[in-house]
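Presented below is the structure to which this report refers.
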Amino acid sequence: MKILVTGGLGFIGSHTSVELQQKGYEVVIIDNCSNASEEVLDGITAITGKKPLFEKIDLRNKEDVSDFFQRHSDLDGVIHFAASKAVGESVDKPLLYYENNLGTLVYLLQHLSKQKKAHFIFSSSCTVYCQADTMPITEDAPVKPAESPYGNTKQIGEEIIQDTCKVTPHLHAISLRYFNPMGAHPSIEIGELPTGVPQNLVPFITQTGIGMREKLSVFGDDYPTEDGTCIREYIHVVDLAKAHVVALKRLIEGKNEKNYEVFNVGTGTGSSVLEVIHSFEKVSGKKLNYQIVGRRQGDVIKAFADTAKANSTLGWKAQSTLDEAMLSAWQWEQKIRKD
Ligand code: UD1
14 MKILVTGGLG FIGSHTSVEL QQKGYEVVII DNCSNASEEV LDGITAITGK KPLFEKIDLR
74 NKEDVSDFFQ RHSDLDGVIH FAASKAVGES VDKPLLYYEN NLGTLVYLLQ HLSKQKKAHF
134 IFSSSCTVYC QADTMPITED APVKPAESPY GNTKQIGEEI IQDTCKVTPH LHAISLRYFN
194 PMGAHPSIEI GELPTGVPQN LVPFITQTGI GMREKLSVFG DDYPTEDGTC IREYIHVVDL
254 AKAHVVALKR LIEGKNEKNY EVFNVGTGTG SSVLEVIHSF EKVSGKKLNY QIVGRRQGDV
314 IKAFADTAKA NSTLGWKAQS TLDEAMLSAW QWEQKIRKD
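Given below as structure tokens:
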């Protein structure tokens, strides 16, 4: 079985490529390397013993996409990660986000619609729920008006796939709504490689721990939560990667109930920012330099998943604890700063 992984050199894409290869799938990666390095291929090869096929293509280039599909007419599935993901940047550059995240999705679906049978996994996000009214969040929770162009691209992306599936019975698709991915592969051959100053909590913590950043700013401790800091759900990237393989298998084996389905992918357990910091301190044995500052605009107070649908329907369950995920993130940080 030959699977296209777009954005396969990125954080979640590289871990998913590993899991696919370990299950015997042949992986073809497309990446434009705008936020990833070709060296990630070496990490995937070191873990799996096999170098995936790689083509440096920018999916915004329609002709290159057509050319790719002509040369690879035998694809059994597509997992689509390639997208821009920084919430703040999306506010400043909305058109970049709409072009990158939605234009490319349309091109891919145009090609898949022409195939006799197509299986498609979309990288969506819990951000589609915004601040949900009740916790944990089920897949039926309303999708509220997006708070950023990034969030809007995930909402519209899901709608584009759903609309296309309605008129394309041979297109079978699943959107996976992730909660906050973190960690690194236990081999420490691949992990998260944020460019510039990390916007996300965990890489900022590990970079502060290693001395690259002076201190972490905790955005607000006056929220209506137990310790006053925001609650999120943090999922080990390997657990998340495995969910993609299971979802793809569901489509390939024709076990899906509808030709468009949506699943939350998370652990079901929320953690506050302070709990995440304490997890770092526990696994690293280091005190983290942090300071409480004002709230960050646009932050939701709480977001954690009801994962019952993924657990029972996909037969998938996250295995790793926050501490295990944090330990791998810390080991990865130490490794990349040593090299
Ligand atoms: C958000 C989106 C997520 C998206 C991600 C992309 C929601 C619920 N989640 O994640 O879908 O993929 O952006 O970047 O909309 N924090 C600090 N100090 C820091 C960094 C973060 O205190 O330096 C806090 C934040 O206030 C938040 C938590 O840590 O409470 C997690 O923040 P972050 O890692 O940026 O992820 P989200 O905002 O949850």
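Heads up: take any position in the sequence shown, counting from 1, add 13, and you land on this note's numbering.
We put the beta carbon where it would ideally sit given N, CA and C, even for glycine.
All of these numbers come straight from a predicted model, not from anything done at the bench.
- With a cutoff of 8 Å on beta-carbon distance, Val215 and Tyr303 are scored as not near each other.
- A residue is called buried once 16 or more other Cβ atoms fall within 10 Å of its Cβ, and Glu172, having fewer, is exposed.
- Per DSSP, the continuous alpha helix (DSSP H) segment holding Gly56 begins and ends at 53 to 61.
- The three-state secondary structure of Arg245, taken from DSSP, is strand.
- Within 10 angstroms of the beta-carbon of Ala321 lie fewer than 16 other beta-carbons, which makes it exposed.
- Here Ile203 carries a coil assignment [DSSP, helix/strand/coil].
- The three-state secondary structure of Val259, taken from DSSP, is helix.
- A Cβ-Cβ separation of about 5 Å places Tyr110 in contact with Thr166 under the 8 Å criterion.
- In this structure, the C-beta of Asp312 approaches ligand 1 to less than 7 Å from one of its heavy atoms.
- Taking a C-beta distance under 8 Å as the contact criterion, Val278 and Ser333 do not qualify as a contact pair.
- The bridge partners DSSP lists for Thr19 are Ile43, His93.
- Per DSSP, the beta-bridge partners of Tyr191 are Ser138, Val278.
- With respect to the C-alpha of Lys255, the residue from Asn213, Gln212, Ala323, Asp234 having the closest C-alpha is Ala323.
- Closer than 7 Å to some heavy atom of ligand 1: that does not describe the Cβ of Val53.
- For Ser230, the enclosing beta strand (DSSP E) starts and ends at 229 to 232.
- Contact between Val41 and His93 fails: their C-beta atoms lie close to 13 Å from each other, not under 8 Å.
- Restricting attention to Lys15, Leu17, Phe24, Met14, the CA atom closest to the CA of Ala197 is found in Phe24.
- DSSP places Ser341 within a helical segment (H, G or I) once states are collapsed to three.
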